[in-house]
Amino acid sequence: EPEVTQTPSHQVTQMGQEVILRCVPISNHLYFYWYRQILGQKVEFLVSFYNNEISEKSEIFDDQFSVERPDGSNFTLKIRSTKLEDSAMYFCASSEVDRGDEQFFGPGTRLTVL
Amino acid sequence: DQQVKQNSPSLSVQEGRISILNCDYTNSMFDYFLWYKKYPAEGPTFLISISSIKDKNEDGRFTVFLNKSAKHLSLHIVPSQPGDSAVYFCAALNYGGATNKLIFGTGTLLAVQP
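Those protein sequences? They're chains F and L, same order as listed.
Sequential numbering from 2 applies to the first sequence in my numbering.
Sequential numbering from 395 applies to the second sequence in my numbering.
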């Protein structure tokens, strides 16, 4: 069964450093998403991406964040200058169609900012 | 901004009995509701959904009930099995608002005791 994959599974970084979280969506999917979950809190929407541009973003997704689809398979989330409060589990999701219940989630990347 | 609330952080049920997980929402613009299941070290997995034009949707052992006037939905699992032990997230969408942004609750940890 096709699945969304994410690398690395765990990323530790120093405050102020740049990190890139990588995702490989399901191959025939056209819509891509990033969510995050701070420990003990709810899963929060960050951004959705379609046709090589951001279609929607949350207030969390400020200028420190960017997304890119650098080739036909990867979808990345870059945090330019990490802060302690960026420590969270980051989930990538993808969907074939424009439907919320068709979003398939990856296993997540745990980001720890020291 | 707690638009979707799951007030029970945990629930313990005996195998074979019914599990009832509850969810409340505040935004009357939500018109589609979903339940996701999450195991440790995995991403959320879609379980079952319901449109606001319905009050019940059933899929095997899983049934979701929606009470729009009370802004309340519940997930019933009958009979509960040990493999159902996981964190269950309620999520909501505003399809009419042309968004795929899932708004999640904080989750309920279900433990099914053998």
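Quick reminder that beta carbons are idealized off the backbone N, C-alpha and C, glycines included.
Quick caveat: nothing in here was measured; it's all calculated off a predicted structure.
Residue environment, residue i, which counts as buried when at least 16 other CB atoms sit within 10 Å
| i | result |
| --- | --- |
| Leu-504/L | buried |
| Pro-438/L | buried |
| Thr-110/F | buried |
| Tyr-433/L | exposed |
| Asn-494/L | buried |
| Thr-83/F | buried |
| Ser-406/L | exposed |
| Thr-420/L | exposed |
| Thr-502/L | buried |
| Thr-500/L | buried |
| Arg-37/F | buried |
Residues that DSSP places opposite residue i in a beta bridge
| i | result |
| --- | --- |
| Lys-431/L | Thr-439/L and Tyr-482/L |
| Ile-27/F | Bridge partners of Ile-27/F: none, in fact. |
Under 9 Å by beta carbon: chain L residues contacting residue i
| i | result |
| --- | --- |
| Ser-49/F | Thr-493, Asn-494 and Lys-495 |
| Glu-97/F | The contacting residues do not exist; Glu-97/F stays about 12 Å from chain L at best. |
Heavy atom of the ligand GTP within 7 Å of residue i beta-carbon
| i | result |
| --- | --- |
| Glu-69/F | With respect to small molecules bound, the structure shown includes none, and the ligand GTP cannot be examined in it. |
Enclosing beta strand (DSSP E) for residue i [first to last residue]
| i | result |
| --- | --- |
| Asp-453/L | 450-453 |
| Asn-461/L | 456-461 |
| Gln-12/F | 11-14 |
| Arg-37/F | 32-38 |
Cα-Cα separation, residue i to residue j
| i | j | result |
| --- | --- | --- |
| Leu-112/F | Glu-2/F | 27 Å |
| Pro-473/L | Gln-65/F | 47 Å |
| Pro-9/F | Leu-78/F | 12 Å |
| Arg-70/F | Phe-50/F | 9 Å |
| Gly-101/F | Phe-456/L | 19 Å |
| Glu-97/F | Glu-54/F | 16 Å |
| Phe-483/L | Lys-431/L | 6 Å |
Partners in chain F for residue i, counting only beta-carbon separations shorter than 9 Å
| i | result |
| --- | --- |
| Gly-477/L | Chain F residues near Gly-477/L: none, gap ~18 Å exceeds 9 Å. |
Residues that residue i contacts on chain F, provided the C-beta gap is smaller than 8 Å
| i | result |
| --- | --- |
| Ala-380/L | The requested residue 380/L is not part of the displayed model; chain L covers only 395 to 508. |
| Tyr-426/L | Gly-101 and Asp-102 |
Partners in chain F for residue i, counting only beta-carbon separations shorter than 7 Å
| i | result |
| --- | --- |
| Leu-487/L | Gly-101 |
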